[in-house]
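Visitor:
Number of protein chains: 2
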Amino acid sequence: MSLITVGTMAFDAIETPFGKANKIVGGSAMYAAYAASYFVKPVKQISIIGYDFPQEELIAMENRGVKMEGVERVKNKKSFFWKGKYHEDMNSRDTLITDLNVLADFNPVVPQSYQNAEFVMLGNLMPKLQISVIDQLKKKPKLVVMDTMNFWMETAMDDLQKVLKRVDLLMVNDAEARELTQHFSLVKAAKKIMEMGPKYLIIKKGEHGALLFHKNKVFYAPAFPLEDVFDPTGAGDTFAGGFIGYLAKIGSVSFENMKKAIIMGSVMASFCVEKFGNTRLKELTRADVNKRLKQFKELTNFETTL
Amino acid sequence: MSLITVGTMAFDAIETPFGKANKIVGGSAMYAAYAASYFVKPVKQISIIGYDFPQEELIAMENRGVKMEGVERVKNKKSFFWKGKYHEDMNSRDTLITDLNVLADFNPVVPQSYQNAEFVMLGNLMPKLQISVIDQLKKKPKLVVMDTMNFWMETAMDDLQKVLKRVDLLMVNDAEARELTQHFSLVKAAKKIMEMGPKYLIIKKGEHGALLFHKNKVFYAPAFPLEDVFDPTGAGDTFAGGFIGYLAKIGSVSFENMKKAIIMGSVMASFCVEKFGNTRLKELTRADVNKRLKQFKELTNFETTL
Numbered sequence: 001m002s003l004i005t006v007g008t009m010a011f012d013a014i015e016t017p018f019g020k021a022n023k024i025v026g027g028s029a030m031y032a033a034y035a036a037s038y039f040v041k042p043v044k045q046i047s048i049i050g051y052d053f054p055q056e057e058l059i060a061m062e063n064r065g066v067k068m069e070g071v072e073r074v075k076n077k078k079s080f081f082w083k084g085k086y087h088e089d090m091n092s093r094d095t096l097i098t099d100l101n102v103l104a105d106f107n108p109v110v111p112q113s114y115q116n117a118e119f120v121m122l123g124n125l126m127p128k129l130q131i132s133v134i135d136q137l138k139k140k141p142k143l144v145v146m147d148t149m150n151f152w153m154e155t156a157m158d159d160l161q162k163v164l165k166r167v168d169l170l171m172v173n174d175a176e177a178r179e180l181t182q183h184f185s186l187v188k189a190a191k192k193i194m195e196m197g198p199k200y201l202i203i204k205k206g207e208h209g210a211l212l213f214h215k216n217k218v219f220y221a222p223a224f225p226l227e228d229v230f231d232p233t234g235a236g237d238t239f240a241g242g243f244i245g246y247l248a249k250i251g252s253v254s255f256e257n258m259k260k261a262i263i264m265g266s267v268m269a270s271f272c273v274e275k276f277g278n279t280r281l282k283e284l285t286r287a288d289v290n291k292r293l294k295q296f297k298e299l300t301n302f303e304t305t306l
Numbered sequence: 307m308s309l310i311t312v313g314t315m316a317f318d319a320i321e322t323p324f325g326k327a328n329k330i331v332g333g334s335a336m337y338a339a340y341a342a343s344y345f346v347k348p349v350k351q352i353s354i355i356g357y358d359f360p361q362e363e364l365i366a367m368e369n370r371g372v373k374m375e376g377v378e379r380v381k382n383k384k385s386f387f388w389k390g391k392y393h394e395d396m397n398s399r400d401t402l403i404t405d406l407n408v409l410a411d412f413n414p415v416v417p418q419s420y421q422n423a424e425f426v427m428l429g430n431l432m433p434k435l436q437i438s439v440i441d442q443l444k445k446k447p448k449l450v451v452m453d454t455m456n457f458w459m460e461t462a463m464d465d466l467q468k469v470l471k472r473v474d475l476l477m478v479n480d481a482e483a484r485e486l487t488q489h490f491s492l493v494k495a496a497k498k499i500m501e502m503g504p505k506y507l508i509i510k511k512g513e514h515g516a517l518l519f520h521k522n523k524v525f526y527a528p529a530f531p532l533e534d535v536f537d538p539t540g541a542g543d544t545f546a547g548g549f550i551g552y553l554a555k556i557g558s559v560s561f562e563n564m565k566k567a568i569i570m571g572s573v574m575a576s577f578c579v580e581k582f583g584n585t586r587l588k589e590l591t592r593a594d595v596n597k598r599l600k601q602f603k604e605l606t607n608f609e610t611t612l
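Just so you know, the sequences run in chain order A and B.
Quick note: the first sequence, position 150, residue 150 per our numbering, numbers continuous.
Quick note: the second sequence, position 144, residue 450 per our numbering, numbers continuous.
#1: Helix, strand or coil for Gly19 (chain A), going by three-state DSSP, please let me know.
#2: Determine, using beta carbons only, whether Ala546 (chain B) and Ala338 (chain B) come nearer to each other than 8 Å.
#3: Since Val109 (chain A) meets chain B, which of its residues come closer than 9 Å, beta carbon to beta carbon?
#4: Using a C-beta cutoff of 8 Å, does Thr238 (chain A) count as contacting chain B?
#5: Could you give the residue range of the alpha helix (DSSP H) that holds Met336 (chain B)?
#6: Which residues bound the alpha helix (DSSP H) around Met90 (chain A)?
#7: How far does the beta strand (DSSP E) with Arg379 (chain B) in it extend, from its first residue to its last?
#8: If you reduce the DSSP assignment to three classes, tell me which class Asn257 (chain A) lands in.
#9: Within this structure, are the beta carbons of Val331 (chain B) and Glu363 (chain B) separated by less than 8 Å?
#10: Which partner residues does Ile59 (chain A) have in the DSSP bridge list?
#11: Asp198 (chain A) versus chain B: which residues are under 7 Å apart at the beta carbon?
#12: Taking Leu688 (chain B) and Val172 (chain A) to be in contact with their CB atoms under 8 Å, please state how far apart those CB atoms are, rounded to whole angstroms.
#13: So, for Arg620 (chain B): in the same chain, excluding its five sequence neighbours on each side, which residues have a beta-carbon less than 8 Å away from its beta-carbon?
#14: Mind listing which residues of the region 478 to 510 of chain B have their C-beta closer than 7 Å to chain A's C-betas, in chain order?
#15: Exposed or buried, what is Thr181 (chain A) when buried is set at 16 or more other beta-carbons lying within 10 Å of its beta-carbon?
#16: According to the neighbour-count rule (16 or more other Cβ atoms, all chains shown, within 10 Å of its Cβ), is His393 (chain B) buried or exposed?
#17: Tell me which same chain residues have a C-beta within less than 7 Å of the C-beta of Arg399 (chain B), skipping the five on either side of it?
#18: Helix or strand or just coil, what does DSSP make of Leu517 (chain B)?
#19: So the candidates are B:Arg472, B:Ser438, B:Glu460 and B:Leu435; which of them puts its Cα closest to the Cα of Val451 (chain B)?
#20: Report the CB separation of Val408 (chain B) from Val380 (chain B) in whole angstroms; it is logged as a contact under 8 Å.
#21: Is any heavy atom of the ligand GDP found at a distance shorter than 7 Å from the C-beta of Leu492 (chain B)?
#22: Pull the bridge partners of Tyr200 (chain A) from the DSSP assignment, please.
#23: Taking the DSSP output, what are the residues bridged to Ile345 (chain A)?
#24: At the 8 Å Cβ level, is Lys384 (chain B) part of the contact set with chain A, yes or no?
#25: Taking the beta strand (DSSP E) that Lys453 (chain B) falls in, what are its first and last residues?
#26: Using DSSP bridges, identify the partner residues of Lys350 (chain B).
#27: Reducing DSSP to helix, strand and coil, say where Leu122 (chain A) ends up.
#28: Roughly how many whole angstroms lie between the Cα atoms of Phe151 (chain A) and Leu125 (chain A)?
#29: Give the secondary structure of Lys83 (chain A) by DSSP, where H, G and I count as helix, E and B as strand, and everything else as coil.
#30: If you measure between the beta carbons of Val573 (chain B) and Leu532 (chain B), is that distance less than 8 Å?
#31: So, does the CB of Phe525 (chain B) fall closer than 8 Å to a CB anywhere in chain A?
#32: Under 8 Å by Cβ, that's how I've got Pro198 (chain A) and Met90 (chain A) pegged, so tell me the actual separation to the nearest angstrom.
#33: In the DSSP assignment, find the unbroken alpha helix (DSSP H) run with Ala175 (chain A) in it and report its ends.
#34: According to DSSP, which residues form a beta bridge with Asp400 (chain B)?
#35: How would you list, in chain order, the residues of chain B whose beta-carbon sits under 8 Å from the beta-carbon of His214 (chain A)?
#36: For Thr544 (chain B), which residues in the same chain have their Cβ closer than 6 Å to its Cβ, ignoring the five residues on either side in sequence?
Here is the structure:
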């Protein structure tokens with residue numbers, strides 16, 4: 001079934017304890033589209049880029065089945081740029097530079113050819129823009145997923161609460177869930193968030209995996225224990241793309257299907273961090289994915305009789 | 307099969323954001339024996355207590371099948387005392403007081419009636435004392451598990467390495483695994499630790515669960531997402547006791563059985579933290595345990611076809 005992904009397509013400069021990349025392609029919608037297009041085609045992208053975004057990267061994405069009609073190209077401005085440095089634990093990072101560039105003018109437009117999409121991934125953006133995308137949809141999708149961040153909780157809480165009322169699933173990290181609800185217990189935070197609107201909630205815990213909540217149910221997906229985490233950038237967006245891409249492929253939304261989807265998101269994220277940027281996602285084979293999936297099963301499944 | 311548990315029986319004073327307990331029974335071997343005795347009897351306890359350790363607590367443990375022949379009672383000294391205060395995240399704590407008291411003279415003796423035990427849990431103690439217990443065993447057990455802490459890595463590393471060569475399984479937390487190996491990656495740390503002696507390794511990650519390593523295999527058990535964590539004291543020792551108690555019950559050591567045992571340890575630990583001290587462990591019913599176990603299955607098991 002068809003899927004819309006909304007978010008940034010950008011340049012990143014990244015420093016990790018293992019290396020340095022000066023200007024590589026990044027952005028939430030870039031990572032999400034790479035992961036989702038592994039499962040479902042077309043992925044209908046909504047984003048904004050400047051004159052400097054590499055043509056060959058656009059072609060590579062189109063070749064994977066990512067539609068670019070909803071991607072605005074601004075002729076006289078640069079693409080969004082982020083520079084960050086990871087600490088030794090690879091879970092925390094400092095933002096060194098944020099150049100909004102084209103992102104300052106982003107006003108997402110849903111093309112006519114994108115209408116009737118049944119799955120929508122709203123990447124982390126100003127809440128007003130997320131609402132604008134929902135407003136433009138003529139038919140209610142089967143599933144609208146949103147990502148957000150602490151910055152919007154501090155600067156645009158009213159708008160954020162409006163979006164929350166209109167989405168089916170919120171995806172945030174543990175610190176954000178705590179900030180949004182003022183509850184330290186994630187179980188309490190989850191209950192409060194589900195009262196704010198979303199019927200489903202995913203709390204991402206980085207190297208510690210992710211929790212899926214729905215009513216009184218909870219499912220836990222571990223992160224894959226890797227020997228080396230090379231670059232965590234985009235892991236969360238890759239997780240989101242794998243999650244919604246897999247659901248769009250099977251076309252049916254239920255807690256049971258979401259359990260499988262969250263594992264698929266974790267599988268894709270586990271590859272993302274193995275190399276800089278989208279390198280590993282580009283070279284991924286079906287054999288790689290099946291092998292990792294099998295490892296995930298071995299990692300957590302235990303016999304049901306104790 | 308019979309099980310020896312070695313460690314402290316003590317008093318704790320605990321402050322958490324949710325309450326305060328001035329002087330309650332604690333100690334690694336107390337928690338381990340409570341959890342293990344849920345599965346297997348007798349549990350053969352080796353510890354040391356002062357004149358002030360409450361008689362009714364000893365009787366309560368004996369009634370659960372915990373043998374006290376290996377517990378030395380010192381008439382003119384106080385029991386080991388620890389006072390700590392937990393931070394709001396409940397994962398970190400400050401030690402405010404450590405009064406060794408009888409523990410300064412602890413010289414564990416394995417009684418004749420404890421010989422031929424097939425399972426041995428060496429709680430966190432000075433490595434020399436752990437070696438002394440192993441030296442006293444006339445027959446090699448099926449499984450010797452040891453716990454330790456960063457303090458011994460910093461003060462008794464040579465002895466610690468000697469114990470490591472003589473145990474089958476090491477149980478440490480993530481920070482300790484990193485300190486012991488100087489590897490930040492837990493997968494790399496695990497490989498290095500298994501080269502130091504133990505064939506099996508469990509890395510505890512508190513609220514983020516635990517990892518079991520053996521050769522190239524890895525299994526992940528989540529911590530149960532609780533609405534309220536009331537007092538984390540003893541959770542690791544309860545986990546250890548549940549783990550080895552369950553293995554001693556089924557009597558067979560294999561990676562598959564350890565997977566089940568680590569879940570059982572997590573189940574017991576999830577109860578321990580719900581109230582102060584051993585309160586919750588004392589009142590636990592079979593129905594409570596079976597219900598939580600079912601919740602653990604729902605929490606992580608997913609269908610094997612994606």
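Yeah, the Cβ is synthetic: ideal placement off N, Cα and C, and Gly gets one too.
Guide: Based on what the coordinates show:
#1: strand
#2: yes
#3: Per Cβ cutoff of 9 Å: no residues; Val109 (chain A) is ~35 Å from chain B at best.
#4: no
#5: Ser334 to Ala342
#6: Neither: Met90 (chain A) is in no alpha helix (DSSP H) and is coded neither H nor E.
#7: Val372 to Arg379
#8: helix
#9: yes
#10: The partner list for Ile59 (chain A) (beta bridge, DSSP) is empty, contrary to what the question assumes.
#11: The displayed chain sequence assigns Pro, not Asp, to residue 198 (chain A). Going along chain B, no residue has its Cβ under 7 Å from Pro198 (chain A), so there is no contact; the nearest lies around 18 Å.
#12: A question about residue 688 (chain B) goes unanswered here, because the residues of chain B that appear run from 307 up to 612.
#13: Here chain B covers residues 307 to 612 and nothing more, so residue 620 (chain B) does not appear.
#14: Phe490, Ser491, Leu492, Val493 and Lys494
#15: buried
#16: exposed
#17: Gly390, Lys391, Tyr392 and His393
#18: strand
#19: B:Arg472
#20: 5 Å
#21: Ligands displayed in this structure: none; no statement on the ligand GDP is therefore possible.
#22: A:Leu169 and A:His214
#23: Given that chain A is displayed from residue 1 to residue 306, the structure contains no residue 345 (chain A) and the question cannot be resolved.
#24: no
#25: Note that residue 453 (chain B) corresponds to Asp in the displayed sequence, not to Lys. Here the beta strand (DSSP E) through Asp453 (chain B) covers Leu449 to Asp453.
#26: B:Ile310 and B:Lys373
#27: strand
#28: 10 Å
#29: strand
#30: no
#31: yes
#32: Not a contact, Cβ separation roughly 29 Å.
#33: Asp174 to Thr181
#34: B:Lys391
#35: Per Cβ cutoff of 8 Å: no residues; His214 (chain A) is ~12 Å from chain B at best.
#36: Tyr337, Ala341, Met574, Ala575 and Cys578
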